[in-house]
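Here it is as structure tokens:
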């Protein structure tokens, strides 16, 4: 048995080594309740089979399993369903634990169950029961684990270590079931029986987290204080996070500034806390943000990011908060970059990722319209400015340009001097011999240039010794550089204010267009801030700015209505009533007035935007293309800023495809994609546009015929001369006639060519001659009038004519 104990002993050593490695490799997530057992569960664990079968790369757990298996194989006396070696249970316990930590939970469960079934009197029976329930937890049999652990704790005499394991496992089961309050009593029992201060610190911290989530701040503080009191007996990470959690428990807005800042500073200054500076700086930034010290908060967020934290979620929170700060400052481009960094540190597919991604996408429109509004506002301010004010503005701008160019000029001059003095020496190190034809004085042009530069710097120097040391003859290098710079820049038009003043628009039509564009951008921004971001303050500012700047008539009423809705949602009844009264008094016959008078009726009314779209889509499917096109042109003016617009515009693109062909369809898709890039319709339009660009459509008619060419007999009905009722009558007669044509597989179809022409086609003809013969027969039988306009065309050419709307071109070629 000595050999047996050596094998099991060595196996337990491997097990402990593996456990230590697993615990050290585990990355804590302090944004959630810490797990009692530090073990990272694989994304797709295999509960039954070993992943790595390469013996050369066996993990400590696999080695421990091998030791346990060896002990069982060599020393087991299992005969007739009974084990005669009472010590073999320890090998099975080791086997189960090794499989458990190797995350093969079903084989682990088999090992623990074997002990329960075959060694009921074993000294390890309670330990086996506890580990069986730990395994059930990993297999997500929470109810079973809870029931069995409660029974074990209440009915068995457990050693302190067994009491700790059982109580801690029960607490974890309740946490998995989101029963926080029920988890606290067994957690207390585990803390009392804990075998080490390291585990005690962890359990106390978890207890504090539970109380905090339950809203019991005083109890949470007591738990965190107990962790802090352990000091160096417990790992430093629990102490630091307990101190931070205590600070978070306070009402940050009402917390004393000096006292709290001092606490953060003391934590940051301690050498032992350096590994946790990312968390300390982040929490300090949140505190400063709560105190409305935005500039100081930015400093701490950046300091936290500079620590290069391993906690990606912590990074994401710092980036997100910085994005929110710059968004509030209306620095949308900067905010967008911070949101991008946020997304790179979040797991894709999570709700938080999706929400921030949506906000980032919406920001594209905000950035676009803010740039338009800002630029156009600047132009209009210059239009209204006096000549003196304009000169002042552009002079300041020119001064900035000069300073910038001056610094660049100086840098370039310095670089050239360095290169001219030291370039030759550098080029010879490990290089080829210099080409003698490149010698400076052999190049006449370069020599003359050098002489001019020399005279500018040194003046006319007398040819004599020590000429460089004669002060009266040497001009100051700095002053001469200034003079060279002035000579270079004096003649530049970009340094003349009149260059810019001349570009200020004076044409009233252009000025009105710029103003309209600015106002429309402000309108779109007002809608975006309200609908996409819930920023009512910014929405109100933009819509009020719009109304104060002489907007187009089409924007006035929607802006007032949105202001009414914003104040209503804010609970500002006085302002909501003001805008409601203004709409009812100044626009009593408008659609918005009808909505305000009877909002319930509007939801089901025919003039609800969604109902209108549904009706138009039915008309489109019925082929009433021109009616749909006319209605859409009307409603896009009525529904300015409404979310139904992208749908209407995409429907319009489809109508244009039917009436005007692929070119008009492509242009319409491009318009939808560019105008509504963040909507579903805009993204779909972009995909279709890209697909059309990749597709090659034939535009030239193919006049070559072959034995397999299919033909169509086409009757052209002009709406201006033939009534719809007459067309339907002819269609009905043609349908009967082709059914009587035995042996021919003919079919009848109708397609709108444009808003004035409808084409009725007989398909399936094999030759032009056969098509003409069919026409003669139809005329003879009085199915059609001989004056009807008709023509014969190959199926291929008909498709080309329909796609490109070039039927007239085809008919002209075939007269």
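Residue numbers (our numbering): 7 to 821. All C-beta atoms in this analysis are idealised placements derived from N, C-alpha and C, irrespective of residue type, glycine included.
Once the 5 residues before and after residue 658 are set aside, which same chain residues still bring their CB inside 7 angstroms of it? 635, 638, 674
Does the Cβ-Cβ distance between residue 99 and residue 37 come in under 9 angstroms? no
What is the DSSP secondary structure of residue 526, reduced to helix, strand or coil? helix
Between which two residues does the alpha helix (DSSP H) harbouring residue 718 extend? Note, residue 718: premise wrong, no alpha helix (DSSP H); beta strand (DSSP E) at 717-724.
Taking 6 angstroms as the limit between beta carbons, can you name the residues of its chain near residue 598, skipping five residues before and five after? 563, 567, 589
Name the two residues that bound the continuous beta strand (DSSP E) containing residue 797. 796-800
Residue environment, residue 208, which counts as buried when at least 16 other CB atoms sit within 10 Å: buried
Using beta-carbon positions only, say whether residue 650 and residue 618 come within less than 9 angstroms of one another. yes
Roughly how many angstroms lie between the CA atoms of residue 403 and residue 511, to the nearest whole one? 19 angstroms
So which of 157, 232, 756 has the shortest CA-CA distance to residue 194? 232
For residue 196, I'd like the list of residues in its chain whose CB is within less than 7 angstroms of its CB, leaving aside the five on either flank, ordered along the chain. 170, 173, 174, 177, 209
Residue 483 classed as buried or exposed, judged by whether at least 16 other C-beta atoms fall within 10 angstroms: Low confidence applies to residue 483: its pLDDT is 49, below 50, so where it sits in the model is not reliable enough to give any reading.
Using DSSP's beta-bridge definition, name the partner residues of residue 763. 724
Using the Cα positions of residue 802 and residue 717, report the straight-line distance between them to the nearest angstrom. 8 angstroms
Just verifying my parser: in three-state terms, what is the DSSP assignment at residue 775? helix
When the distance is taken between beta carbons, is residue 668 closer than 9 angstroms to residue 809? yes
Taking 7 angstroms as the limit between beta carbons, can you name the residues of its chain near residue 24, skipping five residues before and five after? 65, 66, 67, 70, 107
What's the call for residue 713, buried or exposed, on a 16-neighbour Cβ count within 10 Å? exposed
I need the straight-line Cα distance from residue 244 to residue 226, nearest angstrom please. 14 angstroms
Residue 239: which of 203, 390, 776, 269 sits nearest, CA to CA? 203
Return the residue from the list 277, 271, 289, 228 that minimises the CA-CA distance to residue 258. 289
Near residue 407, which residues of its chain fall below 8 angstroms by C-beta distance, leaving aside the five closest residues on each side in sequence? 500, 501
Nearest CA to the CA of residue 551: which residue from 538, 542, 532? 532
Given 8 angstroms, three or more beta-carbon pairs between the region 750-768 and the region 723-739: yes
Need the endpoints of the alpha helix (DSSP H) that residue 753 sits in, please. Per DSSP, residue 753 belongs to no alpha helix (DSSP H); it is in the beta strand (DSSP E), 753-758.
Under 8 angstroms, with one C-beta from each stretch per pair, do the region 741-758 and the region 692-708 reach the 3-pair mark? no
If distances are taken between C-alpha atoms only, which option among 757, 760, 271, 744 comes closest to residue 779? 744
In angstroms, rounded to a whole number, what distance separates the CA positions of residue 131 and residue 217? 34 angstroms
Distance, residue 516 Cα to residue 380 Cα: 17 angstroms
Of the residues 805, 711, 794, 819, which one's Cα is nearest the Cα of residue 775? 711
Kindly list the residues whose CB is nearer than 6 angstroms to the CB of residue 761, restricted to its own chain and excluding five residues on each side of it in sequence; keep chain order. 632, 665
When burial is assigned at 16 or more other CB atoms within 10 Å of the CB, is residue 32 buried or exposed? exposed
To the nearest angstrom, how far is the alpha carbon of residue 246 from that of residue 112? 38 angstroms
Comparing alpha-carbon positions, which option in 680, 777, 686 lies nearest residue 721? 777
Residue range of the alpha helix (DSSP H) that residue 37 falls in? Run containing residue 37: none; DSSP gives neither H nor E here.
Distance, residue 265 Cα to residue 145 Cα: 48 angstroms
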